[in-house]
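Written out below as structure tokens is the structure these notes cover.
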Amino acid sequence: MTAAPTPGRPSTPLMPAALPRPFHVMAKPSGATCNLDCDYCFFLSKEALYPGSGFRMDEAVQERFIEQLLSAHSGAPEVVVAWQGGEPTMMGLDFFRRAVELQQRHRRPGQRILNALQTNGTLLTDEWGVFLRDNDFLVGISIDGPPAMHDTYRVDKGGKPTSHRVLQGLDVLKRHGVEWNVLTTVHHANGDHGGEVYRYLRDDLGARFIQFIPIVERATPEGSVVTHRSVSPEQYGRFMIDVFEDWVRHDVAEVYVQQFDTALSSWYGADGGMCVHAETCGQQLALEHNGDLYSCDHYVQPDHLLGNINDRPTLELVDLPQQRKFGQDKRDTLTQFCKDCDVRFACNGGCPKDRFATSPDGEPGQHYLCPSYLAFFRHVRKPMEAMIELIQHNRAPAELMEVYAREDAARGRNEPCTCGSGVKWKRCHGSARSTTRRP
Ligand code: SF4
Ligand code: SF4
């Protein structure tokens, strides 16, 4: 498959498609530990997997990880080294200084290394800012929207709000010219406010690269009941449509929203950047602090432990039959409802982790967010097709904004909004707050 031209740019570049089995490892050097205590964080419960552990990747594991990752991708011109947690900055700067040194020592001639760091931002100081800029780190910072929404669940160990500390961390990144993007979780508290969240990220914070991740937490390991914090099966779709209606009028090619780029790639017939909407998965692994390698960051649990990189090279672990099966099961266990779905090529049934609902014809194994995926992908079908047509005629997808502007100008103020909310145009995406885009 070829990569589709995109209106933006991927926040986490994938390994080059030329490699036989490129893979991506999320390293968790501090395991699940974090200085905050976000209500919905699934990592904190993982601390129980390693009772008595200090949760610090030691120097030997750090070097083995980097050496094995670079040698496994020896033919790749660029390799992404992804750091996350828990909170990876808890490892301190010296850990990352050493990581950069090790990368220089083990990289192949001409091989470029890109470090991607996902952080809550609260521990960033000027010293961090200088280091991250000088070493070209791409930093993802977790912000759930305006302070009131962010602080609903993103609290510290004392239950106190964190937004002011996160924004100080973001200021560090901006002040030092670090490349950054935003990761926003969509949950019960911000799920009805897609437009407001998007405009805050774009206008107040100046974000140009945004990922939205739905929060789906099961109340019990096996049941289909979710916690009150979870986004509802319909809410996530409405959220994404709300964002899309704003984006497609003002921001094509200016603001990168991962879900939209991935959808455009699917309509183009190429792989997108999101594993949840890929046909198969299994190339996004998670490395614990002690060298244990798991099938995926969402499956850090004993039955998905592939082995330890101290005992067996990463490349061998990634290639185990159980890992291949793990990735192919994503496609092979689709419900009949998914197999017959008109937007399956773009959705692919979502992440297996959340396939605990029942399909409309009574089959278990349907994705909890299926109603959202159906609504979103059907809603964007026409504009996606229009952008693909522009691309095929060597024109910029951003020209679609002119089409929207013409249609909006001809629309009556009291006509229903194009987002499907049922609200009048003048009170929805035709209102002053939606049509004003601050520079
Ligand atoms: S299990 Fe889910 S999150 Fe993990 S790689 Fe597969 S689709 Fe992605
Ligand atoms: S939209 Fe629903 S039915 Fe269609 S592929 Fe996705 S999860 Fe399956």
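Under this note's numbering, the first residue of the sequence shown carries the number 1360, and numbering increases by one thereafter.
Don't be surprised by glycine CBs; every beta carbon is placed ideally from N, CA and C.
Checklist entry - CB-CB under 7 Å to residue 1372, same chain, minus the five flanking residues each way: which ones, in chain order? => result The predicted model places residue 1372 with a pLDDT of 34, which falls under 50 and marks its position as unreliable; any figure quoted below should be read in that light. Closer than 7 Å at the Cβ level, and outside the excluded window around residue 1372, lie 1437, 1439 and 1473.
Checklist entry - Are any of the Cβ atoms in chain D nearer than 7 Å to that of residue 1619? => result The structure shown contains no chain D, having only a single protein chain.
Next on the checklist: Between residue 1449 and residue 1648, how many whole angstroms is the CB-CB distance? I'm expecting something under 8 Å.
Outcome noted: That pair is no contact at about 11 Å.
Next on the checklist: If you reduce the DSSP assignment to three classes, tell me which class residue 1663 lands in.
Outcome noted: Correct three-state label for residue 1663: helix.
Item to check | DSSP beta-bridge partners of residue 1345 | outcome: The structure shown does not extend to residue 1345, since the chain spans only 1360 to 1798, so no value can be given for it.
Item to check | Selection from 1492, 1485 and 1618 that minimises the alpha carbon distance to residue 1459 | outcome: That would be 1492, whose Cα lies nearest to the Cα of residue 1459.
Checklist entry - Taking just the CA atoms, how far does residue 1526 sit from residue 1619? => result Cα atoms of residue 1619 and residue 1526: separation of roughly 26 Å, rounded to the nearest angstrom.
Next on the checklist: In the DSSP assignment, the beta strand (DSSP E) including residue 1500 goes from what residue to what residue?
Outcome noted: Residue 1500: member of the beta strand (DSSP E) spanning 1497-1501, first to last residue.
Item to check | Contact shell at 5 Å, judged by CB to any heavy atom of ligand 1, ordered along the chain | outcome: Sorted by chain position, residues whose beta-carbon lies closer than 5 Å to a non-hydrogen atom of ligand 1 are 1634, 1635, 1640, 1643, 1655, 1657 and 1710.
Item to check | Cβ contact (3+ pairs, closer than 8 Å) linking the segment 1700-1715 and the segment 1628-1646 | outcome: Because the criterion of three Cβ pairs below 8 Å is met, the segment 1700-1715 and the segment 1628-1646 touch.
Item to check | For residue 1652, the residue or residues it bridges with in DSSP | outcome: As computed with DSSP, residue 1652 is found in a beta bridge with 1646 and 1666.
Checklist entry - When you compare only the Cα positions, how much space is there between residue 1431 and residue 1420? => result Cα to Cα, residue 1431 sits roughly 16 Å from residue 1420.
Item to check | Cβ-heavy atom distance, residue 1598 to ligand 3, below 6 Å | outcome: Looking for ligand 3 in the displayed structure turns up nothing; the ligands present are ligand 1 and ligand 2.
Item to check | residue 1687 versus residue 1646 - alpha carbon distance | outcome: If you take the alpha carbons of residue 1687 and residue 1646, they lie about 21 Å apart.
Next on the checklist: Does the distance between the C-beta of residue 1812 and the nearest non-hydrogen atom of ligand 2 fall short of 6 Å?
Outcome noted: Missing from the structure shown is residue 1812; the chain here goes from 1360 to 1798 and no further.
Checklist entry - What are the boundary residues of the beta strand (DSSP E) that includes residue 1442? => result Where residue 1442 is concerned, the enclosing beta strand (DSSP E) stretches over 1437-1442.
Checklist entry - For residue 1779, which of 1764, 1658, 1599 and 1663 has the nearest alpha-carbon? => result It is 1599.
Next on the checklist: For the segment 1571-1589 against the segment 1544-1552, do three or more pairs of beta-carbon atoms, one drawn from each stretch, fall closer than 8 Å, so that the two count as touching?
Outcome noted: Touching, yes.
Item to check | residue 1470 - containing alpha helix (DSSP H), residue span | outcome: In the DSSP annotation of this structure, residue 1470 is not part of any alpha helix (DSSP H), being labelled neither H nor E.
Checklist entry - Helix, strand or coil: how does DSSP classify residue 1783 here? => result Residue state, collapsed to three classes: strand.
Item to check | Distance, residue 1476 Cα to residue 1388 Cα | outcome: Rounded to whole angstroms, residue 1388 to residue 1476 spans 11 Å at the Cα level.
Next on the checklist: I need the straight-line Cα distance from residue 1608 to residue 1666, nearest angstrom please.
Outcome noted: Inter-residue distance for residue 1608 and residue 1666 is about 48 Å (C-alpha atoms, whole angstroms).
Next on the checklist: Going by DSSP, what residue range makes up the beta strand (DSSP E) through residue 1723?
Outcome noted: Taken as a continuous stretch (DSSP letters only), the beta strand (DSSP E) holding residue 1723 covers 1723-1725.
Checklist entry - Taking the Cβ atom as the reference point for each residue, do residue 1501 and residue 1510 lie within a distance shorter than 7 Å? => result No, they are not a contact pair.
Item to check | Where the beta strand (DSSP E) through residue 1385 begins and ends | outcome: Run containing residue 1385: 1383-1386, per the beta strand (DSSP E) assignment.
Next on the checklist: Let's test the definition: count the other Cβ atoms within 10 Å of the Cβ of residue 1583 and tell me whether it reaches 16, buried, or not, exposed.
Outcome noted: Residue 1583 counts as exposed, since fewer than 16 other beta carbons sit within 10 angstroms of its beta carbon.
Checklist entry - Looking at C-alpha atoms only, which residue of 1657, 1668 and 1764 is the closest neighbour of residue 1711? => result Selected option, being the one with the closest Cα: 1657.
Checklist entry - Over what stretch of residues does the alpha helix (DSSP H) that includes residue 1522 continue unbroken? => result From DSSP, the alpha helix (DSSP H) with residue 1522 extends over 1522-1534.
Next on the checklist: In this structure, how does DSSP classify residue 1409 when only helix, strand and coil are distinguished?
Outcome noted: Here residue 1409 carries a coil assignment [DSSP, helix/strand/coil].
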